[in-house]
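In this text, residue positions in the sequence shown follow this note's numbering: the first is 80, and each later residue adds one.
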Amino acid sequence: MKDYLHAERVSLTAFRPEDADILAAFEQDSEYLRLYDAEVARPRTAEAVRAAYESLTAPGNFVFTVRGLDGDVMGIVCLDGILPFQGVGGLSIALGRRYWGQGFGREALRLVLRFSFNELNLRRLTITVFDYNTRAIRLYEHLGFVREGAFRSFLVRDGKAHDMLLYGLLRSEWHDS
Ligand SMILES: CC(C)(COP(=O)(O)OP(=O)(O)OC[C@H]1O[C@@H](n2cnc3c(N)ncnc32)[C@H](O)[C@@H]1OP(=O)(O)O)[C@@H](O)C(=O)NCCC(=O)NCCS
Numbered sequence: 080m081k082d083y084l085h086a087e088r089v090s091l092t093a094f095r096p097e098d099a100d101i102l103a104a105f106e107q108d109s110e111y112l113r114l115y116d117a118e119v120a121r122p123r124t125a126e127a128v129r130a131a132y133e134s135l136t137a138p139g140n141f142v143f144t145v146r147g148l149d150g151d152v153m154g155i156v157c158l159d160g161i162l163p164f165q166g167v168g169g170l171s172i173a174l175g176r177r178y179w180g181q182g183f184g185r186e187a188l189r190l191v192l193r194f195s196f197n198e199l200n201l202r203r204l205t206i207t208v209f210d211y212n213t214r215a216i217r218l219y220e221h222l223g224f225v226r227e228g229a230f231r232s233f234l235v236r237d238g239k240a241h242d243m244l245l246y247g248l249l250r251s252e253w254h255d256s
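Now the structure itself:
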């Protein structure tokens, strides 16, 4: 059986309350906030971050802290909106800036896909991404996600309207690598 918790350089671990301190520090970065979320891009307190991710540990949602080999908190991945009888769910990921562009996101998502399809037995995963987040789009397409549509003019930032793109991956299309 293939490991879905450990890759070469990253592990998926339980979200621990103290992880929120580091995740909140990542939010002192407006680019990170604007890549991750359509909410007003402002940093939250560690308490607010902790409460948000702890609420996602309820049945039907799954949250993992992404850790490096040394145990450092690199980011967070969430599976939410799961409809167990339909076998569908949504996925989101965010790593702190110092970890971008080095293949860590790819490693973490490969694990999450394995967990989603081989442990949760989901049939389909959905992910949304803003049209300006080219790094995330390249990564999702590399992993096999298919662009299925767009929420046109979903958000306005710096005076420009942007689409939120809808991507989906079916288990039958997924190549475990
Ligand atoms: C989006 C995100 C998760 C992607 O993760 P990432 O680790 O930065 O992405 P990766 O490194 O896996 O892939 C990006 C690039 O790194 C390159 N790369 C892959 N393995 C590598 C390695 N071992 N060493 C160096 N570079 C590598 C890839 O080729 C890719 O470059 P390319 O797009 O030019 O081909 C991350 O950038 C992030 O959290 N951003 C902020 C929040 C966000 O945007 N969340 C997603 C919202 S939809």
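All C-beta atoms, glycine included, are put in the ideal place defined by N, C-alpha and C.
{"query": "Closer than 7 Å: V208 CB and nearest ligand 1 heavy atom", "result": "yes"}
{"query": "Proximal residues to A117 (C-beta, below 6 Å), its chain only, five neighbours per side dropped", "result": "L234"}
{"query": "L249 - DSSP class collapsed to helix/strand/coil", "result": "strand"}
{"query": "Closest Cα partner of V225 within the set V89, A86, E252", "result": "E252"}
{"query": "heavy atom of ligand 1 below 7 Å from L71 C-beta", "result": "The structure shown does not extend to residue 71, since the chain spans only 80 to 256, so no value can be given for it."}
{"query": "Near ligand 1: F194 beta-carbon under 7 Å from a heavy atom", "result": "no"}
{"query": "Separation of I206 from I216, as counted between CA atoms", "result": "10 Å"}
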